[in-house]
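Visitor:
Protein chains: 2
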Amino acid sequence: MIETQSLTKDYVVGADVVHALADADIRIDAGELVAIMGPSGSGKSTCMNLLGCLDTPSAGSYHFDGVEVSSMSTDQLAAVRNEKIGFVFQSFNLLGRTSALHNVEMPLIYGNTPARDRRPRAVAALSAVGLADRMDHTPAQLSGGQMQRVAIARALVNDPALLLADEPTGALDTRTGLEIMALFQKLNGTGITVVLVTHEPEVARFAQRILRFRDGRLVSDQGQTPE
Amino acid sequence: MIETQSLTKDYVVGADVVHALADADIRIDAGELVAIMGPSGSGKSTCMNLLGCLDTPSAGSYHFDGVEVSSMSTDQLAAVRNEKIGFVFQSFNLLGRTSALHNVEMPLIYGNTPARDRRPRAVAALSAVGLADRMDHTPAQLSGGQMQRVAIARALVNDPALLLADEPTGALDTRTGLEIMALFQKLNGTGITVVLVTHEPEVARFAQRILRFRDGRLVSDQGQTPE
Ligand SMILES: Nc1ncnc2c1ncn2[C@@H]1O[C@H](COP(=O)(O)OP(=O)(O)OP(=O)(O)O)[C@@H](O)[C@H]1O
Ligand SMILES: Nc1ncnc2c1ncn2[C@@H]1O[C@H](COP(=O)(O)OP(=O)(O)OP(=O)(O)O)[C@@H](O)[C@H]1O
Ligand SMILES: [Mg+2]
Ligand SMILES: [Mg+2]
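Going down the list, the protein sequences come from chains A and B.
With the working numbering applied, the first sequence corresponds to residues 549 to 775, in that order.
With the working numbering applied, the second sequence corresponds to residues 549 to 775, in that order.
#1: What's the C-alpha gap between D684(B) and P774(A)?
#2: Excluding the five sequence neighbours on either side, which residues of its own chain have a C-beta within less than 8 Å of the C-beta of E616(B), listed in chain order?
#3: Could you check what DSSP says for A755(B) in three-state terms: helix, strand or coil?
#4: Okay, do the region 552-569 of chain B and the region 745-757 of chain A touch, 3+ Cβ pairs below 8 Å being the bar?
#5: Using the DSSP secondary-structure output, state which residues sit across from A663(A) in a beta bridge.
#6: Give me the DSSP bridge partner(s) of H567(B).
#7: So, Q770(A) versus F754(A), is the Cβ gap smaller than 9 Å?
#8: Are the CB atoms of T722(B) and R697(B) nearer to each other than 9 Å?
#9: DSSP puts H611(A) in a beta bridge; with which residues?
#10: With distance defined between alpha-carbon atoms, name the residue in G764(B), V745(B), V767(B), L766(B) nearest to V582(B).
#11: Using three-state DSSP, classify M683(B) as helix, strand or coil.
#12: Please check the pair M695(B) and L642(B), which I expect to be a contact at CB under 8 Å, by giving their CB distance rounded to whole angstroms.
#13: Can you name, in chain order, every residue of its own chain whose Cβ lies under 7 Å from the Cβ of G764(B), other than the five neighbours on each side?
#14: Answer yes or no: the CB of G693(B) versus the heavy atoms of ligand 5, is any distance below 8 Å?
#15: Helix, strand or coil: how does DSSP classify S520(B) here?
#16: With a threshold of 9 Å between beta carbons, is D721(B) in contact with chain A?
#17: What is the DSSP secondary structure of D573(B), reduced to helix, strand or coil?
#18: If you reduce the DSSP assignment to three classes, tell me which class Q772(A) lands in.
#19: For the structure I just gave you, are there three or more beta carbon pairs, one from the region 708-717 of chain A and one from the region 625-635 of chain A, closer than 8 Å?
#20: Could you tell me the distance, in whole angstroms, from the CA atom of T741(A) to the CA atom of L598(A)?
#21: By how many angstroms is the C-alpha of A578(A) removed from the C-alpha of V652(B)?
#22: Take the Cβ of G693(A) as the centre, count every other Cβ of all protein chains shown within 10 Å, and call the residue buried at 16 or more, exposed below.
#23: Scan the region 667-698 of chain A for residues whose Cβ lies nearer than 7 Å to a Cβ of chain B and list them as they occur along the chain.
#24: Flag this pair as yes or no: are the beta carbons of R757(A) and V767(A) separated by less than 9 Å?
#25: Count the other C-beta atoms from every protein chain shown that fall within 10 angstroms of the C-beta of T604(A), then say buried if there are 16 or more, exposed otherwise.
#26: So, V677(B) versus L731(B), is the Cβ gap smaller than 9 Å?
#27: What are the start and end residues of the beta strand (DSSP E) that includes T717(A)?
#28: I'd like to know whether the C-beta of P587(B) is nearer than 9 Å to at least one C-beta of chain A.
#29: Just checking V617(B) against ligand 4 - is the residue's beta carbon closer than 8 Å to any of the ligand's heavy atoms?
#30: Between which residues of its own chain and S593(B) is the CB-CB distance below 8 Å, once the five residues before and five after are set aside?
#31: Output the boundary residues of the alpha helix (DSSP H) element that contains L581(A).
#32: Whose C-alpha, out of A701(A), I728(A), L649(A), E580(A), is nearest the C-alpha of T738(A)?
#33: Is there a Cβ from chain B that is less than 9 Å from the Cβ of G725(A)?
#34: Mind pulling the beta strand (DSSP E) runs of 3 or more residues that sit fully within the region 617-647 of chain A?
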């Protein structure tokens with residue numbers, strides 16, 4: 549499903565070049581559950597943004613479902629992002645002026661889901677993350693962990709084939725975090741590919757494989773027996 | 549230093565009342581290092597915002613350094629927040645259009661630090677959190693954990709007597725998180741009072757005392773031997 553070769557991303561800041569990601573070769577097959585770990589600033593979110601077709605690499609190639617992403621048109625990319633990928637952002641990126649429910653409905657609106665189906669599907673996604681009683685709150689009326697869970701519900705509402713989650717339990721207490729991991733494991737059991745960035749060993753142990761980054765480079769790729 | 553009685557905060561959302569914090573009696577003496585824990589949505593950030601004089605309670609009282617906070621004028625509150633309290637927000641609250649360095653200088657500007665002293669003090673604070681080489685980046689040019697550390701540096705730059713940190717290691721890998729906790733422990737050793745919200749047991753073990761919240765109520769207050 550995911551195949552990158554020498555994937556590279558550089559940023560220019562003033563007179564400096566930041567090598568945020570350098571020469572990453574990553575292969576993830578459909579149905580895998582993979583964890584990405586590494587120190588702060590080591591390139592994890594940069595990598596995730598490239599895998600999610602939210603950004604373009606400076607060099608190297610990325611084949612998603614067999615198609616080279618750089619050859620896709622703007623419309624094709626938008627369709628892939630909406631229909632095939634669910635993305636949980638490290639800083640949530642919720643719409644500030646609208647309710648949790650409407651935030652979760654957004655991917656359904658973009659994907660042309662019939663209007664009568666949107667609310668029940670959004671309510672189901674919010675219930676799955678324990679927020680049925682917070683549907684009408686705006687982000688400013690939610691706790692940090694509640695905002696994170698709205699972002700998770702929004703990523704799942706369109707039944708994506710690939711879930712990319714950047715630190716999805718970072719703002720959650722241990723028990724709520726484990727409930728979310730149980731949900732991800734259940735979705736993975738139905739065939740959804742899950743790639744998640746985490747710094748918590750408690751979360752990484754659910755994965756079948758751990759990719760470790762350091763200073764923009766992929767330094768190890770180890771299988772493990774998930775718990 | 550901190551003394552609350554029946555501290556209560558309610559929010560009205562549509563036809564509902566959310567009892568975000570109910571009847572909290574909290575006493576924290578100068579020089580303590582206290583951890584606050586509890587499930588997502590249990591009232592931790594609500595409590596921190598009240599302790600940081602960023603919000604006013606619906607009922608109950610809060611004495612900070614012997615003065616009832618509700619009796620302070622707007623100017624007195626602003627002075628307390630700037631001179632005595634350093635606050636690390638759960639969602640960082642950095643100024644998006646300006647550099648890390650300028651973000652950290654803001655409390656010095658508000659506090660009338662002489663212009664020639666601001667840059668060296670801000671640089672020192674950023675170096676203490678490992679970000680000397682990211683001073684000129686704006687928040688959009690920083691990783692999640694780097695933004696969190698800019699927020700920490702900003703909270704420390706004015707040498708506050710009280711540090712309130714809401715999930716200060718939430719976006720950090722384990723090792724960087726331990727470096728930040730070592731920094732907090734060192735500051736606490738010089739007499740700074742530290743109150744931090746965390747969901748990570750690895751972080752809570754640095755505290756001398758743990759306050760636990762559930763459904764807006766303080767349910768336990770236990771001393772422990774810090775490591
Ligand atoms: N401005 C607001 N309006 C309405 N409800 C609010 C508001 N702010 C917080 N709440 C509600 O109050 C409760 C407590 O929120 P708070 O942010 O204190 O939780 P928390 O313990 O910090 O959670 P987390 O660990 O997820 O950050 C939550 O259920 C939240 O939905
Ligand atoms: N838009 C940008 N412009 C310049 N530099 C950037 C930009 N985005 C990221 N960087 C830099 O690239 C490096 C990698 O950033 P990235 O966000 O991928 O790290 P990360 O591994 O996700 O870190 P964290 O665990 O702290 O979230 C960092 O050092 C960061 O400062
Ligand atoms: Mg990141
Ligand atoms: Mg909170």
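Glycine included, C-beta positions come from ideal geometry on N, C-alpha and C.
Guide: In this structure, then:
#1: 41 Å
#2: S609, Y610
#3: coil
#4: no
#5: Answer is none; A663(A) lacks a bridge partner.
#6: D558(B)
#7: no
#8: no
#9: E551(A), E616(A)
#10: V745(B)
#11: coil
#12: 6 Å
#13: H567, A568, L569, A570, S590, G591
#14: Within the structure as shown, ligand 5 is missing, the only ligands being ligand 1, ligand 2, ligand 3 and ligand 4.
#15: Residue 520(B) is absent from the model: chain B starts at 549 and stops at 775.
#16: yes
#17: strand
#18: coil
#19: yes
#20: 16 Å
#21: 44 Å
#22: buried
#23: D684, H685, Q689, S691, G692, G693, Q694
#24: no
#25: exposed
#26: yes
#27: No beta strand (DSSP E) contains T717(A), which DSSP labels as neither H nor E.
#28: yes
#29: no
#30: Q638, D714, V745
#31: No alpha helix (DSSP H) contains L581(A), which is instead part of the beta strand (DSSP E) from 581-585.
#32: E580(A)
#33: yes
#34: 633-636
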